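Here is the structure we will look at.
Residue numbers (my numbering): 690 to 850.
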């Protein structure tokens with residue numbers, strides 16, 4: 690069965706893949722923003738509503754690849770790198786860059802998800818524990834986001850609520 694859309698539940702801290710009959714195909718834990726839901730630029734909040742995956746970044750790279758500004762840094766995440774950079778907001782494995790689809794809600798102006806650089810991305814296991822703790826993005830376990838990125842394409846619709 691084909692993937693029809695993704696749904697991210699801020700309340701449940703879960704991401705689900707849905708088929709055309711709205712049946713759950715896969716389900717993953719996530720971590721959304723510690724500041725809660727919200728659409729305003731510089732809020733540190735996770736934007737709600739309908740989005741589309743603008744780009745899937747990182748295909749073919751090792752699972753523990755570290756990214757900055759959507760580019761691989763040449764680093765690979767491990768305990769030693771974590772110890773050297775405590776508190777770093779790790780973006781690992783793959784990036785699914787989101788763009789809002791609802792003008793005035795999550796698209797254009799001060800609420801534009803794409804220009805806020807909101808992603809679904811990999812993070813260390815400790816960064817995905819069922820509690821909101823990101824800076825606005827939707828964090829997944831590194832293995833999970835690599836698996837997800839291998840199943841989807843740009844343009845897939847994502848509902849965040």
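All C-beta atoms in this analysis are idealised placements derived from N, C-alpha and C, irrespective of residue type, glycine included.
Note that this is a predicted model, so its numbers are computed, not measured.
| field | N- and C-terminal bounds of the alpha helix (DSSP H) containing residue 832 | value | As a first step, residue 832 must be located in the chain shown, where it is residue number 143. 831-840 is the extent of the alpha helix (DSSP H) around residue 832.
| said: Between the segment 772-782 and the segment 801-813, can you find at least three pairs of beta-carbon atoms closer than 8 Å? | reply: Because the criterion of three Cβ pairs below 8 Å is met, the segment 801-813 and the segment 772-782 touch.
| query | Taking buried to mean at least 16 other C-beta atoms within 10 Å of its own C-beta, is residue 713 buried or exposed? | reply | Looking up residue 713 in the chain shown gives position 24. With fewer than 16 other Cβ atoms within 10 Å, it is exposed.
| field | Nearest candidate by alpha-carbon position, reference residue 739, set 805, 694 and 721 | value | Your numbering for residue 739 matches position 50 in the chain shown. The alpha carbon of residue 739 has as its nearest neighbour, out of 805, 694 and 721, the alpha carbon of 694.
| query | Who pairs with residue 693 in a beta bridge, going by DSSP? | reply | Within the chain shown, residue 693 is the residue found at index 4, counting from 1. The beta-bridge partner set that DSSP reports for residue 693 is empty.
| said: For a test of the three-state rule: what should DSSP assign to residue 800, helix, strand or coil? | reply: The residue labelled residue 800 in the question sits at position 111 within the chain shown. Three-state DSSP puts residue 800 in a helix.
| task | Consult DSSP for residue 768 and reduce its assignment to one of helix, strand or coil. | result | On the chain shown, position 79 is the one that residue 768 refers to. Reduced to three states, the DSSP call for residue 768 is helix.
| query | What is the DSSP secondary structure of residue 782, reduced to helix, strand or coil? | reply | On the chain shown, residue 782 is found 93 positions in, with the first residue counted as 1. In the structure shown, residue 782 sits in a strand (DSSP, three-state: E or B).
| task | Count the other CB atoms, across all protein chains shown, that sit within 10 Å of the CB of residue 736; report buried if there are 16 or more and exposed otherwise. | result | Sequence index remark: in the chain shown, residue 736 carries index 47 (1-based). By the 10 Å Cβ count, residue 736 comes out buried.
| Assumed close pair residue 826, residue 807 - CB separation to whole angstroms, cut-off 8 Å | To locate residue 826, count along the chain shown from 1; it is residue 137. To locate residue 807, count along the chain shown from 1; it is residue 118. The Cβ separation is near 6 Å, so the contact holds.
| said: I'd like to know if the segment 727-736 and the segment 790-802 are in contact, where contact means that at least 3 CB-CB pairs between them fall below 8 Å. | reply: With a cut-off of 8 Å, the segment 790-802 and the segment 727-736 count as touching, because enough Cβ pairs lie within range.
| query | What does residue 742 pair with, by DSSP beta-bridge criteria? | reply | Along the chain shown, read from residue 1 onward, the residue named residue 742 stands at position 53. Partner residues in the beta bridge of residue 742, as assigned by DSSP, are 787.
| Taking the Cβ atom as the reference point for each residue, do residue 849 and residue 745 lie within a distance shorter than 7 Å? | For this step, residue 849 is matched to residue 160 along the chain shown. For this step, residue 745 is matched to residue 56 along the chain shown. For residue 849 and residue 745, no; Cβs fall outside 7 Å.
| field | Reference residue 754, options 767, 743 and 819, closest by Cα | value | The sequence position of residue 754 within the chain shown is 65, counting from 1. The residue among 767, 743 and 819 with its C-alpha nearest the C-alpha of residue 754 is 767.
| task | Measure the CB-CB distance between residue 692 and residue 704 and report whether it falls below 7 Å. | result | Position 3 of the chain shown, counting from 1, holds the residue named residue 692. Position 15 of the chain shown, counting from 1, holds the residue named residue 704. No.
| task | Measure the CB-CB distance between residue 805 and residue 700 and report whether it falls below 7 Å. | result | Residue mapping note: residue 805 aligns to position 116 of the chain shown, counting from 1. Residue mapping note: residue 700 aligns to position 11 of the chain shown, counting from 1. No, the Cβ-Cβ distance between residue 805 and residue 700 is not below 7 Å.
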